[in-house]
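Numbering (the working numbering), first residue to last: -2 to 257. First up is the structure itself, then whatever we jot down about it.
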């Protein structure tokens, strides 16, 4: 369990060694910069900063590519179909309710902003151990604990649920997806038989998921509140990270000011 708490998606990443609180603050500040920036050059600078942070701090372009693909699937594809539907309805009914006065530049600008926010959050979560994130939240919400709110217990529940969900996703990818692939690859079987096999597989997956509730309760009983702690640290890496962000901030402020 402790291995899971201290694990990160970005293996051997120097980004994972940075202070979790500092990374959280920089993530919020970068998100704020993305939201308030009105110039293309400002967003381009943020993009360059994120790419450099991804590469120089031990990650790779594969992580960036996987996030771009996930973003396209979750956001761009539904938005694209919605846009086409709106254009079709405007063409069909000539109704002002379905506006056809789309400004492509504004749409692209908005979607780029959303991708930046998506990527900043993904980079933080992938490079920060769960115990550091929960320890940080425990410190931030510690005033509520003095008022009787069991913050630590809530965080323990979250930690156990995330652990079991991660295991479920891993099992699903390794077992259920492979079984579903075998069902469709099997020759000389009717579509009805394949559909029945998928139905049985789905029922089995739901039954296994329901069993996870008991496992979550057992894990909570075995988990100590001391498993997630946070201690602020300042090293050379943190100082360089702060300095690089301040340089980015000053350049963006300058670019926004001179172009007004």
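Cβ coordinates follow ideal geometry from the N, Cα and C atoms, glycine included.
Assuming residue i contacts residue j under a Cβ cut-off of 8 Å, what Cβ separation, rounded to an integer in Å, is found between them?
{"i": "residue 16", "j": "residue 242", "result": "Not really, about 13 Å apart at Cβ, beyond 8 Å."}
{"i": "residue 40", "j": "residue 31", "result": "7 Å"}
{"i": "residue 159", "j": "residue 120", "result": "That pair is no contact at about 18 Å."}
{"i": "residue 132", "j": "residue 226", "result": "5 Å"}
{"i": "residue 35", "j": "residue 235", "result": "Contact doesn't hold; Cβ gap of about 30 Å is too wide."}
Name the two residues that bound the continuous alpha helix (DSSP H) containing residue i.
{"i": "residue 50", "result": "37 to 53"}
{"i": "residue 24", "result": "17 to 33"}
{"i": "residue 251", "result": "233 to 255"}
{"i": "residue 147", "result": "Per DSSP, residue 147 belongs to no alpha helix (DSSP H) and is neither H nor E."}
Using the C-alpha atoms, what's the distance from residue j back to residue i?
{"i": "residue 37", "j": "residue 102", "result": "10 Å"}
{"i": "residue 42", "j": "residue 123", "result": "22 Å"}
{"i": "residue 135", "j": "residue 22", "result": "16 Å"}
{"i": "residue 47", "j": "residue 104", "result": "22 Å"}
{"i": "residue 110", "j": "residue 73", "result": "12 Å"}
{"i": "residue 82", "j": "residue 51", "result": "37 Å"}
{"i": "residue 89", "j": "residue 44", "result": "39 Å"}
{"i": "residue 77", "j": "residue 108", "result": "11 Å"}
{"i": "residue 106", "j": "residue 196", "result": "43 Å"}
{"i": "residue 140", "j": "residue 75", "result": "41 Å"}
{"i": "residue 238", "j": "residue 27", "result": "13 Å"}
{"i": "residue 24", "j": "residue 80", "result": "30 Å"}
{"i": "residue 19", "j": "residue 85", "result": "47 Å"}
{"i": "residue 240", "j": "residue 138", "result": "28 Å"}
{"i": "residue 244", "j": "residue 143", "result": "39 Å"}
{"i": "residue 14", "j": "residue 255", "result": "37 Å"}
### Message
In chain order, what are the residue ranges of uninterrupted alpha helix (DSSP H) at least 4 long that sit wholly in the segment 99 to 130?
### Response
101 to 124
(request) Specify whether the segment 113 to 122 and the segment 64 to 73 touch according to this definition: at least 3 beta carbon pairs, one from each stretch, less than 8 Å apart. (result) yes
Hey, which unbroken runs of the beta strand (DSSP E) at 3 residues or more fall wholly within the segment 62 to 89? none
Do the segment 144 to 152 and the segment 237 to 252 make contact, defined as three or more Cβ pairs closer than 8 Å? no
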